[in-house]
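K.L.:
Note that the sequence shown covers residues 0 to 531 in numbering that gives the first Met the number 0. Backbone N, C-alpha and C define an ideal beta-carbon position, used for all residues, glycine too. Sharing a structure below in structure tokens format, with a few things to ask.
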Amino acid sequence: MFLIIASTISLVVNFSSKKVPKLTQISPSIALPGDTLHVYGANFGNSIEDSYIEIAGNRLTSSSYISWTDSDIQVRLPQNVTDGLLYVVTSAGKSEAVNFTNKATIPVLVKNNTNVSTPFITDISEKNISIGKIVTILGKNFGTLRNNSKVFFSIESDDNSDDFISCSENNFDYEFWSNQEIRVRVPDGAKSGDIYINTNNGSSNLFNLKISNMPGTKNFTDKKTYLLSVTANITAEEFKGSADVILRVPRPIITPTQRNIEIPVSNPEPVISDYMNTLVHQTTIDTKQNNKFSVAHSFVVPVYGIKTNIVSEKVKPYSKETLLKFTDYLKEDDIVPSNNPIVIELKDKILSRISNPYLQAKAIYNYLINNFELLSELRPAESNVTELILDQKGDAYDFAMIFCAIARSAKIPCIPVSGVYVDSNMEAHNHWWNEFYIEDFGWIPVDCAFGNGLEYATVYNDNETKSFYFGSIDSQHVIFSRGWNEIKSAHINGKVVYRPKTYALQSIWEEASTATEAYSSFWSNVYVTGVY
Numbered sequence: 000m001f002l003i004i005a006s007t008i009s010l011v012v013n014f015s016s017k018k019v020p021k022l023t024q025i026s027p028s029i030a031l032p033g034d035t036l037h038v039y040g041a042n043f044g045n046s047i048e049d050s051y052i053e054i055a056g057n058r059l060t061s062s063s064y065i066s067w068t069d070s071d072i073q074v075r076l077p078q079n080v081t082d083g084l085l086y087v088v089t090s091a092g093k094s095e096a097v098n099f100t101n102k103a104t105i106p107v108l109v110k111n112n113t114n115v116s117t118p119f120i121t122d123i124s125e126k127n128i129s130i131g132k133i134v135t136i137l138g139k140n141f142g143t144l145r146n147n148s149k150v151f152f153s154i155e156s157d158d159n160s161d162d163f164i165s166c167s168e169n170n171f172d173y174e175f176w177s178n179q180e181i182r183v184r185v186p187d188g189a190k191s192g193d194i195y196i197n198t199n200n201g202s203s204n205l206f207n208l209k210i211s212n213m214p215g216t217k218n219f220t221d222k223k224t225y226l227l228s229v230t231a232n233i234t235a236e237e238f239k240g241s242a243d244v245i246l247r248v249p250r251p252i253i254t255p256t257q258r259n260i261e262i263p264v265s266n267p268e269p270v271i272s273d274y275m276n277t278l279v280h281q282t283t284i285d286t287k288q289n290n291k292f293s294v295a296h297s298f299v300v301p302v303y304g305i306k307t308n309i310v311s312e313k314v315k316p317y318s319k320e321t322l323l324k325f326t327d328y329l330k331e332d333d334i335v336p337s338n339n340p341i342v343i344e345l346k347d348k349i350l351s352r353i354s355n356p357y358l359q360a361k362a363i364y365n366y367l368i369n370n371f372e373l374l375s376e377l378r379p380a381e382s383n384v385t386e387l388i389l390d391q392k393g394d395a396y397d398f399a400m401i402f403c404a405i406a407r408s409a410k411i412p413c414i415p416v417s418g419v420y421v422d423s424n425m426e427a428h429n430h431w432w433n434e435f436y437i438e439d440f441g442w443i444p445v446d447c448a449f450g451n452g453l454e455y456a457t458v459y460n461d462n463e464t465k466s467f468y469f470g471s472i473d474s475q476h477v478i479f480s481r482g483w484n485e486i487k488s489a490h491i492n493g494k495v496v497y498r499p500k501t502y503a504l505q506s507i508w509e510e511a512s513t514a515t516e517a518y519s520s521f522w523s524n525v526y527v528t529g530v531y
């Protein structure tokens, strides 16, 4: 059963009446990137809609399709196409597979070039290590510069299948990279198992690593996959000639709970596909011919819930190295007032007799949900979050920012998290929560608003809700931002637009050159078009 949402109408479609696509032939079966590929068969549908072609586990993007009919699909093969099984996937199901071969990968007899080859791991410095600690990987053919290369670690999956996650640039996991040596931090969420390196020349051999000395456990559960969409529209009103307008569309962020995110639809294609976790569009508009510009994106986001179990007696104080690494997550910024005297005073009141970082975070959580009222409606965007302390009531945004402010004031690395919560009616609500860091363990989720009885938190009863949302999170939370995303303007004297209290925490959403007198913009909220 697949659920589709359109505007305010909920439509449930049972696809059992539709026929599963039947794939009979592809031509040619061996081709180069850029070639046109014909896919023949039946029951493809007369329009693409949410259907797609998958090659070697990768979904072709919208720009690859030339035509789509019920019996013949034409696609232009992308530059990154690889050998593998090809499927046609529609809302009715998945076809049988046929094999596709990238002609460029067919081996030919050439003189061996030892300078360009797949990476190979010969040894690692520590075969028994903790989360966040540095491991040195030795070998060859890693590349003199990292560029887009990544190191992958084993991570838990709720279906016990092999799954991997790469080191995170947001967590400063990459320390050093050379052709024969790499130093990286063991990423949040990693488990004992294999690691490997992926470069433009391929993937390395697997090498086993044991994760130990953790003060508790972290399990990933209840995987759900969401098809989300966002749109934005610009209309010119007053310009001195023409003007450049840049849109920065937030994209779901890759985390241990959100892996293998895909963007099947981008209309038009962005000029930059990932800059500081945004899709960047740039256009020139005026009040005559080119007076409108629209963008639309769809995201396929697999989301896991997290359940943690911490033995507080095993929680260690933060090392100097950890505090240095997370300096930005310990200080005040544009949305987290951790230096405010009101915040510091409340921190001293709550934590006067507690020194354990985990128990400190728990005490902050319990104090906020037991002493402050949660408002169901969002307060005005210009409201000061410290009014939560003064008035003893506030919205979900206030709770997240004040939890973060108190934690940072107590020298606990902490970030605000923003995104959407997908309710049981498949409506996406802008939402904010937190994560705080524990030595040798990683990030722990906290949702004060849900712990305080947010009205669509219906999964647990009151007592279970309070205990669950400190240390655990469900798979209905979709993340677009982790921490404040400070984006610099592309125009020295340009005009910038910031959208407060929405699904992403970023300083610039749109900007225009100095020729702009006035224009109007409309951004949709995130809306859900499917869950499976």
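Please report the distance separating the alpha-carbon of S167 from that of R182.
P.N.:
Approximately 13 Å, taken between the alpha carbons.
K.L.:
Just verifying my parser: in three-state terms, what is the DSSP assignment at A511?
P.N.:
Strand, per DSSP.
K.L.:
In angstroms, rounded to a whole number, what distance separates the CA positions of S471 and P444?
P.N.:
Their backbone Cα atoms lie some 6 Å apart in a straight line.
K.L.:
For G493, which of helix, strand or coil comes out of DSSP?
P.N.:
The answer is coil: DSSP assigns G493 none of H, G, I, E or B.
K.L.:
To which residues of the same chain is P540 closer than 6 Å at the C-beta, ignoring the five residues directly before and after it?
P.N.:
Nothing can be reported for residue 540, as the shown portion of the chain is limited to 0 through 531.
K.L.:
Please report the Cβ distance between S129 and V150, rounded to the nearest whole angstrom; I am assuming they are in contact, meaning their Cβ atoms lie under 8 Å.
P.N.:
Not really, about 17 Å apart at Cβ, beyond 8 Å.
K.L.:
Counting Cβ pairs, one atom from each stretch, are 3 or more of them under 8 Å apart for the region 65 to 85 and the region 271 to 282?
P.N.:
Counting Cβ pairs under 8 Å, fewer than three are found: no touch.
K.L.:
By DSSP, does D285 sit in helix, in strand, or in coil?
P.N.:
Correct three-state label for D285: coil.
K.L.:
Going by CA-CA distance only, name the one from Q475, A295 and W432 that's closest to K500.
P.N.:
Comparing Cα positions, the closest option is W432.
K.L.:
Is I154 closer than 8 Å to K190 when the C-beta atoms are compared?
P.N.:
Yes, these two residues count as a Cβ contact at 8 Å.
K.L.:
Hey, out of V495, A427 and S480, whose CA is closest to N169's CA?
P.N.:
Closest by alpha carbon: S480.
K.L.:
Within a Cβ cutoff of 8 Å, which residues of the same chain sit near E454, ignoring the five residues on either side of it in sequence?
P.N.:
S375, listed in sequence order.
K.L.:
Entirely within the region 253 to 330 and at least 4 residues each: give me those alpha helix (DSSP H) ranges in chain order.
P.N.:
Correct list: 319 to 324.
K.L.:
Starting from the Cα of I411, find the closest Cα among Q475, L358, E344 and E53 and give me that residue.
P.N.:
If we check each option's Cα against that of I411, L358 comes out closest.
K.L.:
Just how far apart, CA to CA, sit V185 and I363?
P.N.:
Computed Cα separation, rounded: 28 Å.
K.L.:
Less than 7 Å between C-beta atoms, sequence neighbours within five positions excluded: which residues of the same chain meet that for D34?
P.N.:
Cβ neighbours of D34 beyond the five flanking positions: L76.
K.L.:
Around the C-beta of D122, are 16 or more other C-beta atoms found within 10 angstroms, so that it is buried, or is it exposed?
P.N.:
By the neighbour-count rule (16 or more Cβ atoms within 10 Å), D122 is not buried but exposed.
K.L.:
In its own chain, which residues sit with a C-beta less than 6 Å from the C-beta of K139, not counting the 5 before and 5 after it?
P.N.:
Excluding positions up to five away in sequence, the list reads F119 and Q179.
K.L.:
Rounded to whole angstroms, what's the CA-CA distance from E312 to N355? Just pull it up for me.
P.N.:
Straight-line Cα distance between these residues: approximately 8 Å.
K.L.:
Given a threshold of 16 other Cβ atoms within 10 Å of its Cβ, counted over all protein chains shown, does K463 qualify as buried or as exposed?
P.N.:
It is Glu, not Lys, that sits at residue 463 in the sequence shown. So E463 counts as exposed.
K.L.:
Measure the C-alpha to C-alpha separation of P301 and N199 and round it to an integer number of angstroms.
P.N.:
Distance between the alpha carbons of P301 and N199: 25 Å.
K.L.:
Are the CB atoms of A427 and L227 nearer to each other than 8 Å?
P.N.:
Yes, these two residues count as a Cβ contact at 8 Å.
K.L.:
Could you say which of T282, T283 and T254 lies nearest to I305 if we only look at CA atoms?
P.N.:
Checked all of T282, T283 and T254; the closest Cα to I305 is T254.
K.L.:
Please report the straight-line C-alpha distance between S466 and D422, rounded to a whole angstrom.
P.N.:
The alpha-carbon atoms of S466 and D422 are separated by roughly 20 Å.
K.L.:
Here's the rule: buried if 16 or more other CB atoms are within 10 angstroms of the residue's CB, otherwise exposed. What is E125?
P.N.:
It is exposed - the Cβ of E125 has fewer than 16 other Cβ atoms within 10 Å.
K.L.:
Could you check if F175 is buried or exposed, using at least 16 other CB atoms within 10 Å of its CB as the buried criterion?
P.N.:
Per the 10 Å Cβ criterion, exposed.
K.L.:
Rounded to the nearest angstrom, what separates V279 and N259 at their Cα positions?
P.N.:
C-alpha separation (whole angstroms): 20 Å.
K.L.:
Do V532 and E485 have their C-beta atoms closer together than 8 Å?
P.N.:
Absent from the structure is residue 532, since the part of the chain shown begins at 0 and ends at 531.
K.L.:
Taking the beta carbon of V80 as the centre, do at least 16 other beta carbons fall within 10 Å, making it buried, or is it exposed?
P.N.:
Result: buried.
K.L.:
Taking the alpha-carbon positions, what's the N338 to L36 distance?
P.N.:
Distance between the alpha carbons of N338 and L36 is about 60 Å.
K.L.:
Hey, out of V530, N524 and S519, whose CA is closest to I284's CA?
P.N.:
It is S519.
K.L.:
Let me check understanding here. Comparing Cα to Cα, which of V134, I136, F298 and S293 lies closest to E261?
P.N.:
The option with the nearest alpha carbon to E261 is F298.
K.L.:
Using 8 Å as the threshold, is the C-beta distance between A395 and A360 below it?
P.N.:
Cβ atoms of A395 and A360: not closer than 8 Å.
K.L.:
For W442 and D187, which I take to be in contact (beta-carbon distance under 8 Å), what is that distance rounded to the nearest angstrom?
P.N.:
Confirmed, about 5 Å.
K.L.:
Name, in chain order, the residues that DSSP records as bridge partners for E180.
P.N.:
DSSP lists L137 as partners of E180.
K.L.:
Give me the residue from I105, F152 and D439 with the minimum Cα distance to I29.
P.N.:
Of the listed residues, the one whose Cα sits closest to I29 is I105.
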